[in-house]
Structure formats: structure tokens, C-alpha cells
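Here is the structure we will look at.
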Amino acid sequence: AQSVSQHNHHVILSEAASLELGCNYSYGGTVNLFWYVQYPGQHLQLLLKYFSGDPLVKGIKGFEAEFIKSKFSFNLRKPSVQWSDTAEYFCAVGSGGYNKLIFGAGTRLAVHP
Amino acid sequence: KAGVTQTPRYLIKTRGQQVTLSCSPISGHRSVSWYQQTPGQGLQFLFEYFSETQRNKGNFPGRFSGRQFSNSRSEMNVSTLELGDSALYLCASSLGSSGSYNEQFFGPGTRLTVL
Chain A
1 AQSVSQHNHH VILSEAASLE LGCNYSYGGT VNLFWYVQYP GQHLQLLLKY
51 FSGDPLVKGI KGFEAEFIKS KFSFNLRKPS VQWSDTAEYF CAVGSGGYNK
101 LIFGAGTRLA VHP
Chain B
114 KAGVTQTPRY LIKTRGQQVT LSCSPISGHR SVSWYQQTPG QGLQFLFEYF
164 SETQRNKGNF PGRFSGRQFS NSRSEMNVST LELGDSALYL CASSLGSSGS
214 YNEQFFGPGT RLTVL
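Next comes the structure, spelled out in C-alpha cells:
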């Protein structure tokens, strides 16, 4: 069965620090990859997605992610975090067609001023 | 443009009862997906409906069912509730173009507590 692993469950950073959240998936076929974010008290929203093409994808709010096929990874990065980035981040893979998403367990990020 | 709406937002039921949750997608969206979110299992896909037909299904028992109406609104039903069904149930809507992934827009969820 397909699965998604997020390496860090909790991350604490100071403002201006760089962020990298790991995500690995287990699926050998064509995948569509997503990062979602859930800010406190808000809905899940899409940060960025990869379907094909350039493996470095840019999303909203300065986030980017790199798809490395050989490592089955899709890590999320941001050069300089802000307090407003405090949220829970979910990596997801679309498999089996259509809109079925397999989510990772999530990473809670806390950014201190 | 109004977002995805889910009703009710909170629900308390007892074991053995059944419950129906409702989701209204964004106008023009034809696909509705349902997810269960729990602290232990995270976000798990329940099923997806497109044009009133179930197009995809996750690994949940038959007690979990759903349907979609001609206006794309969707309901999910859980019968014979168990304590483990306590969760946040999320609905997501998308355009649902056939054969491709579309951005899914999530609603605020329905928090179900089973006592």
C-alpha cells in the first residue's frame, strides 16, 4: 500500500531560520505530490504541488519543494521563516487516480519571534 | 466565491447511533472527497464522488457510506457508531476533471464525538 512518511513531527525554529521538512513516499509509479498547510483555526490549504516537469516547484508564501525521484522524496523548504508560518504541514501523494490523496502524519512547526 | 461549507460543525452522538454529515462544494465543483482526521491515524481518505457516482474509495468498513446529489452537494453517513469514529471529518471539493488531479479545497470539517 502507498504510504507517506514525514520525518519530523515537531519542529521549533526562531524567526529568520531556514526550514526543511522531509517527506518520503512509497509508490513506484507516476505520482502527484502536494504540500498542504493548516494554520491554527483555519482550513487545510494547498501550499504547492508537483505533477511533472521542473522538479523544483515554488508555492505560496515563499515555500518551495524539490522532487527527487531516485530518493522518493519531496522535501519542503523556506529560506527564512516568519512567526506567521507557525502551522501544521502535511505532505500528500495522489495515487490511484483522481482525487485520492494519501497524507503523511504532519509536522507541527512553531516559529518563535 | 464561497468556500466549502460543512454542516454541522460539531456533533455529539452515542455508540450505536448513526450520523449524517453534509458538505456543499464550491460552486462549479463537481468532485467531493471525504477524509477522516484523528490524532492517531492522521488524515485518511474515505471516498470521492463525482457526478453522483462514487469514483474512489478508501479502506473503511461498510458502516461508512456517502452519496452525492445532482447539485454536487454530498452527504456521508456513519451507521452503528463506535468510539473510534470520533474524529474531524473533512470534505474537499475540486473541479474533478476526469483522469487528472485537481486542486482540492477543504472545508472546516465536522467534529464528531462519540460517547
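Going down the list, the protein sequences come from chains A and B. Here the first sequence is numbered in the working numbering, starting from 1 and rising by one per residue. Here the second sequence is numbered in the working numbering, starting from 114 and rising by one per residue. C-beta atoms are modelled at their ideal positions from N, C-alpha and C, and glycine is treated no differently.
- Using a Cβ-Cβ cut-off of 8 Å, B:Pro-174 does not count as an interface residue toward chain A, since no Cβ of chain A sits closer than that to its own.
- Taking a Cβ-Cβ cut-off of 9 Å, the neighbours of A:Phe-103 in chain B comprise Tyr-148, Gln-150, Gly-155, Leu-156, Gln-157 and Phe-158, given in sequence order.
- A:Lys-58: member of the beta strand (DSSP E) spanning 56-58, first to last residue.
- Selection A:Gln-38, A:Trp-83 and A:Tyr-89 evaluated against A:Ala-16 yields A:Trp-83 as nearest (Cα-Cα).
- Beta-carbon to beta-carbon, B:Met-189 and B:Phe-173 are separated by about 10 Å, too far to satisfy the 8 Å threshold.
- Shown here, A:Gly-94 sits in a strand according to DSSP, grouped into three states.
- The beta carbons of B:Glu-165 and B:Phe-182 sit closer together than 8 Å.
- According to the DSSP secondary-structure assignment, A:Trp-35 is paired through a beta bridge with A:Leu-48 and A:Cys-91.
- Proximity of chain B to A:Leu-46 at the Cβ level (cut-off 7 Å) is accounted for by Glu-216, in chain order.
- Put simply, the backbone Cα of A:Val-81 is about 12 Å away from that of A:Leu-21.
- Under the DSSP assignment, A:Leu-109 falls in the beta strand (DSSP E) whose first and last residues are 107-112.
- Taking C-beta atoms as the reference points, A:Tyr-39 and A:Ala-1 fail to come closer than 8 Å.
- B:Phe-163 and B:Gln-217 have their C-alpha atoms roughly 13 Å apart.
- Scanning its chain for C-beta atoms nearer than 7 Å, with the 5 sequence neighbours on each side dropped, one finds around A:Asn-24 the residues Ser-5, Phe-72 and Ser-73, in chain order.
- Not flagged as an interface residue toward chain A: B:Phe-177, since no C-beta distance is shorter than 8 Å.
- A straight-line Cα-Cα distance of about 21 Å links B:Ser-192 and B:Ser-137.
- The beta carbon of A:Asn-32 sits closer than 6 Å to those of Phe-51 and Gly-94, all from its chain and outside the five residues before and after it, given in chain order.
- B:Leu-194 sits in coil when the DSSP states are folded into three classes, being neither helix nor strand.
- For B:Ala-205, the closest alpha carbon among the candidates B:Thr-226, B:Gln-130 and B:Ser-140 is that of B:Ser-140.
- The shortest C-alpha to C-alpha distance from A:Gly-59 to any of A:Val-37, A:Thr-107, A:His-43 and A:His-7 is the one to A:Val-37.
- Counting every other CB atom within 10 Å of its CB across the protein chains shown gives B:His-142 a total of 16 or more, marking it as buried.
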